[in-house]
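**Q** Protein sequence lines correspond, in order, to chains W and U. In my numbering, each residue's number is its place in the first sequence (first place is 1) plus 205. In my numbering, each residue's number is its place in the second sequence (first place is 1) plus 338. Glycine included, each C-beta is placed from N, C-alpha and C at the ideal position. The model shown is predicted, which means the values in this text are computed figures rather than measured ones. Attaching a single structure in structure tokens format; questions to follow.
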Amino acid sequence: MNLTLKIWRQAGPRHPGEMVTYKVQDISEDMSFLEMLDVLNEQLNAKGEEPIAFDSDCREGICGMCGLMISGEAHGPEKTTTCQLHMRSFSDGEVITVEPWRANAFPVIKDLVVDRGAFDRIIQAGGYISANTGSAPDAHAVPVPKPNADRAFVAAECIGCGACVAACPNASAMLFMGAKVTHLSELPQGQPERAARVVSMVDQHDHEGFGGCTNVGACSQACPKGIPQDVISTLNKDLRAALRG
Amino acid sequence: MAGTGLVFAGYVLLHMYGNLKMLAGEEAFNTYAEHLRTIGEPMLPRSGLLWVIRVVLVLSLVGHAYAAFALWSRAGNARRTKYAAAKSAMRTAWMRWGGVFLLVFIAWHLLHFTFLKISPNPDKQGPNVTQNPYELVVASFQVPWMTLIYVLAMVALAFHLAHGVFSAQQTLGWTMTPHAYRRAKAVGYATAAVVVVGFLIPPLSILFGLIK
Numbered sequence: 206m207n208l209t210l211k212i213w214r215q216a217g218p219r220h221p222g223e224m225v226t227y228k229v230q231d232i233s234e235d236m237s238f239l240e241m242l243d244v245l246n247e248q249l250n251a252k253g254e255e256p257i258a259f260d261s262d263c264r265e266g267i268c269g270m271c272g273l274m275i276s277g278e279a280h281g282p283e284k285t286t287t288c289q290l291h292m293r294s295f296s297d298g299e300v301i302t303v304e305p306w307r308a309n310a311f312p313v314i315k316d317l318v319v320d321r322g323a324f325d326r327i328i329q330a331g332g333y334i335s336a337n338t339g340s341a342p343d344a345h346a347v348p349v350p351k352p353n354a355d356r357a358f359v360a361a362e363c364i365g366c367g368a369c370v371a372a373c374p375n376a377s378a379m380l381f382m383g384a385k386v387t388h389l390s391e392l393p394q395g396q397p398e399r400a401a402r403v404v405s406m407v408d409q410h411d412h413e414g415f416g417g418c419t420n421v422g423a424c425s426q427a428c429p430k431g432i433p434q435d436v437i438s439t440l441n442k443d444l445r446a447a448l449r450g
Numbered sequence: 339m340a341g342t343g344l345v346f347a348g349y350v351l352l353h354m355y356g357n358l359k360m361l362a363g364e365e366a367f368n369t370y371a372e373h374l375r376t377i378g379e380p381m382l383p384r385s386g387l388l389w390v391i392r393v394v395l396v397l398s399l400v401g402h403a404y405a406a407f408a409l410w411s412r413a414g415n416a417r418r419t420k421y422a423a424a425k426s427a428m429r430t431a432w433m434r435w436g437g438v439f440l441l442v443f444i445a446w447h448l449l450h451f452t453f454l455k456i457s458p459n460p461d462k463q464g465p466n467v468t469q470n471p472y473e474l475v476v477a478s479f480q481v482p483w484m485t486l487i488y489v490l491a492m493v494a495l496a497f498h499l500a501h502g503v504f505s506a507q508q509t510l511g512w513t514m515t516p517h518a519y520r521r522a523k524a525v526g527y528a529t530a531a532v533v534v535v536g537f538l539i540p541p542l543s544i545l546f547g548l549i550k
């Protein structure tokens with residue numbers, strides 16, 4: 206496959222950026238999107254140019270490190286992570302636009318790499334349970350009804366990649382936060398801190414400069430893990446209950 | 339956003355029901371219009387309930403518009419660098435620009451039917467028309483461009499309600515299971531369909547001469 210790539214290049218956080226056009230030849234359909242970028246970087250290295258910086262880690266769709274806006278879609282046209290997106294999803298001769306996640310809360314560090322520290326700070330604000338460490342308790346010491354366990358598991362699939370924020374017309378992180386809140390609210394271990402958690406996390410979310418949710422649903426459509434929009438409903442309900450006291 | 343939105347959703351459903359009395363004839367419609375002013379008498383003064391409703395609606399409108407513009411400006415601040423290749427956010431555009439259009443339409447609608455500042459039909463003028471609600475409605479919608487304005491407004495309202503009624507339920511935390519989520523979506527579409535069809539029956543019946 207031969208492709209034309211329009212890629213965002215930005216030397217550093219304070220540098221202005223621009224879209225730069227590259228051409229790649231003989232790309233295999235079986236390459237992942239990141240492997241295709243590796244090929245391009247080898248070409249740039251050979252020419253003595255600065256390679257394109259992008260995030261990646263596990264390259265098997267479970268860590269949440271990679272994430273690119275590909276022709277206007279977070280993680281590209283398939284419902285998966287950028288590393289698990291294969292070039293067979295594109296056609297020969299296609300022009301592909303590659304951009305970093307765009308949100309003020311996710312500042313660009315370099316080229317396609319953004320700082321998602323805002324997510325970490327939201328988790329630090331309350332997305333955890335306080336537990337005494339010691340020997341592990343029996344798995345069934347605290348029974349959890351099956352529907353609650355299932356829903357907690359669906360929410361816990363969130364890998365924090367940031368596609369929800371990238372796809373949201375409001376640049377809101379409500380799906381991410383909803384997933385974390387629902388994960389813990391469905392389980393007995395999450396109950397003691399349930400009210401304080403949601404208030405602290407929402408405060409931190411707003412403080413980071415994310416937008417407000419208008420329930421558009423672009424987040425769930427972009428989510429590589431298919432986190433459903435109804436987790437935002439749980440977040441809203443928990444917040445309302447917490448503020449009511 | 340959700341609370342005030344549901345006030346409007348409830349209000350347009352009642353308003354639509356009242357409008358459908360046009361089908362029952364002049365006497366039924368005018369009796370209904372008069373009854374709106376005498377509900378609650380003698381406990382309430384004449385038009386008392388009407389004023390209560392008006393105050394609630396105005397307060398809801400202020401709250402709704404304030405929340406909408408706050409969300410709009412937050413969204414603008416949250417992404418100052420736009421995407422070069424962006425999928426168009428049609429639903430957001432419909433809600434925001436559609437909402438602005440509906441606001442302008444409400445002003446037009448009040449000037450037209452409440453303040454009687456717009457009388458589009460040159461053949462039907464004067465107090466016989468303006469003092470008779472049924473005649474006023476008939477005279478107005480015999481004018482095609484006036485009917486067109488209302489048709490456009492109802493299409494905008496349908497889009498607004500289809501997302502808005504769902505969105506309100508989501509914000510209020512009523513959609514916590516996949517089943518409840520699908521139900522909330524369905525309620526949104528159903529409300530939009532009922533309102534747009536119900537509101538458009540009288541004007542279109544008048545335009546095509548079924549009601550004279």
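1) Is there at least one Cβ from chain U nearer than 7 Å to N375 (chain W)'s Cβ?
2) Counting only runs of 3+ residues fully inside the region 287-365 of chain W, write out the beta strand (DSSP E) ranges in chain order.
3) Under DSSP, the alpha helix (DSSP H) around W512 (chain U) begins and ends at which residues?
4) Flag R307 (chain W) as yes if its beta-carbon sits less than 7 Å from any beta-carbon of chain U, otherwise no.
5) Given that G331 (chain W) touches chain U, what residues does it touch there, using C-beta distances under 8 Å?
6) Check whether the Cβ atoms of G401 (chain U) and T342 (chain U) sit closer than 7 Å, and answer yes or no.
7) Between the region 475-505 of chain U and chain W, which residues of the former have CB atoms less than 8 Å from a CB of the latter, in chain order?
8) Per DSSP, what are the beta-bridge partners of R219 (chain W) in this structure?
9) Measuring alpha carbon to alpha carbon, tell me which of W:F295, W:E391 and W:D235 ends up nearest V347 (chain W).
10) Looking at the unbroken alpha helix (DSSP H) that takes in L444 (chain W), where does it start and where does it end?
11) Buried or exposed: where does T414 (chain U) fall if 16 or more other Cβ atoms within 10 Å of its Cβ makes it buried?
12) Measure from the alpha carbon of F467 (chain W) to the alpha carbon of each residue in W:R307, W:Y333, W:S233 and W:F415, then state which is nearest.
13) So what does DSSP say about I279 (chain U), is it helix, strand or coil?
14) Among the residues of its own chain, which have a CB less than 6 Å from the CB of P471 (chain U), if the five just before and after it don't count?
15) How long is the line joining the alpha carbons of P386 (chain W) and N246 (chain W), rounded to whole angstroms?
16) Can you pull the chain W neighbours of R418 (chain U), defined as C-beta to C-beta under 7 Å?
17) For the region 429-449 of chain U, which residues have a beta carbon sitting closer than 8 Å to at least one beta carbon of chain W?
18) If you compare alpha carbons, which of U:T513, U:L499 and U:T515 is closest to Y527 (chain U)?
19) Who does Y227 (chain W) pair with in a DSSP beta bridge?
20) Kindly list, in the order they appear in chain W, the residues whose Cβ is closer than 9 Å to that of R335 (chain U).
21) Closer than 8 Å is the cut-off here; do at least three beta carbon pairs connect the region 406-414 of chain W with the region 372-388 of chain W?
22) Return helix, strand or coil for A424 (chain U), following the three-state DSSP convention.
23) What residues from the region 510-538 of chain U come within 8 Å of chain W, judged by C-beta to C-beta, listed N to C?
24) For I432 (chain W), does the count of other Cβ atoms within 10 angstroms reach 16, so buried, or fall short, so exposed?
25) Tell me, please, whether the CB atom of A347 (chain U) is closer than 7 Å to any CB atom in chain W?
26) Which chain U residues sit within Cβ distance under 9 Å of N353 (chain W)?
27) Are any of the Cβ atoms in chain U nearer than 7 Å to that of T209 (chain W)?
28) Assign I487 (chain U) to one of three DSSP states: helix, strand, or coil.
29) So A403 (chain U) contacts chain W; which residues on that side make the cut at Cβ distance below 8 Å?
30) Which stretch, first to last residue, makes up the alpha helix (DSSP H) that contains M241 (chain W)?
31) Are the CB atoms of R399 (chain W) and Y421 (chain U) within a distance shorter than 7 Å?
32) Among the candidates W:P352, W:G365, W:S335 and W:G331, whose CA atom is the shortest distance from the CA of L444 (chain W)?
33) Rank W:A371, W:L389, W:I257 and W:A372 by C-alpha distance to the C-alpha of F358 (chain W) and give the top, closest one.
34) Flag H294 (chain W) as yes if its beta-carbon sits less than 7 Å from any beta-carbon of chain U, otherwise no.
35) Between L344 (chain U) and chain W, is any beta-carbon pair separated by less than 7 Å?
36) Going by other Cβ atoms of all chains shown within 10 Å of its Cβ, with 16 needed for buried, is A494 (chain U) buried or exposed?
**A** Looking at the coordinates:
1) For N375 (chain W), the closest Cβ of chain U is nearer than 7 Å.
2) Correct list: 300-304 and 313-315.
3) Counting along the chain, W512 (chain U) falls outside any alpha helix (DSSP H), and DSSP gives it neither H nor E.
4) Yes, contact with chain U.
5) Per Cβ cutoff of 8 Å: no residues; G331 (chain W) is ~18 Å from chain U at best.
6) The beta carbons of G401 (chain U) and T342 (chain U) sit closer together than 7 Å.
7) Answer in chain order: H501, F504 and S505.
8) Bridge partners of R219 (chain W): none, in fact.
9) Checked all of W:F295, W:E391 and W:D235; the closest Cα to V347 (chain W) is W:E391.
10) For L444 (chain W), the enclosing alpha helix (DSSP H) stretches over residues D435 to R449.
11) What sits at residue 414 (chain U) in the sequence shown is Gly, not Thr. Exposed is the call here.
12) Coverage of chain W is limited to positions 206 through 450, which leaves residue 467 (chain W) absent and any answer about it impossible.
13) Outside the shown range of chain U (339 to 550) lies residue 279 (chain U), about which nothing can therefore be said.
14) If you ignore the 5 residues before and after P471 (chain U), its C-beta comes within less than 6 Å of the C-beta of N368 and A371, all in its own chain and listed in chain order.
15) Inspection of the sequence shows that residue 386 (chain W) is occupied by Val rather than by Pro. Taking the straight line from one Cα to the other gives about 39 Å.
16) Within chain W, N309 have C-beta atoms less than 7 Å from the C-beta of R418 (chain U), given in sequence order.
17) Those would be R429, T430 and M433, in chain order.
18) Nearest of U:T513, U:L499 and U:T515 to Y527 (chain U), Cα basis: U:L499.
19) Residue pairing by DSSP places Y227 (chain W) opposite W:L210 in a beta bridge.
20) This structure cannot settle anything about residue 335 (chain U), because the visible part of chain U is limited to 339 through 550.
21) Output reads yes: the region 372-388 of chain W touches the region 406-414 of chain W.
22) Here DSSP, grouped into helix, strand and coil, assigns A424 (chain U) to coil.
23) Within the region 510-538 of chain U, the qualifying residues are L510, G511, W512, T513, M514, T515, P516, A518 and Y519.
24) The residue is buried, with at least 16 neighbouring Cβ atoms inside 10 Å.
25) The beta carbon of A347 (chain U) sits no closer than 7 Å to any beta carbon of chain W.
26) Those do not exist, as N353 (chain W) stays about 11 Å from chain U at its closest Cβ, beyond 9 Å.
27) T209 (chain W) does not count as touching chain U.
28) Under the three-state reduction of DSSP, I487 (chain U) is assigned to helix.
29) Chain W residues near A403 (chain U): none, gap ~14 Å exceeds 8 Å.
30) Annotation for M241 (chain W): the continuous alpha helix (DSSP H) segment containing it runs F238 to A251.
31) Inclusion of Y421 (chain U) and R399 (chain W) in the CB contact set at 7 Å is not warranted, their separation being larger than that value.
32) Of the residues W:P352, W:G365, W:S335 and W:G331, the one whose Cα lies closest to the Cα of L444 (chain W) is W:G331.
33) Considering only W:A371, W:L389, W:I257 and W:A372, the residue with the shortest C-alpha distance to F358 (chain W) is W:L389.
34) Sequence inspection shows Ser at residue 294 (chain W); the His mentioned does not correspond to that position. Cβ-Cβ to chain U under 7 Å: no for S294 (chain W).
35) The beta-carbon of L344 (chain U) is placed no less than 7 Å from the nearest beta-carbon of chain W.
36) By the neighbour-count criterion, in which a residue is buried when 16 or more other Cβ atoms sit within 10 angstroms of its Cβ, A494 (chain U) is buried.
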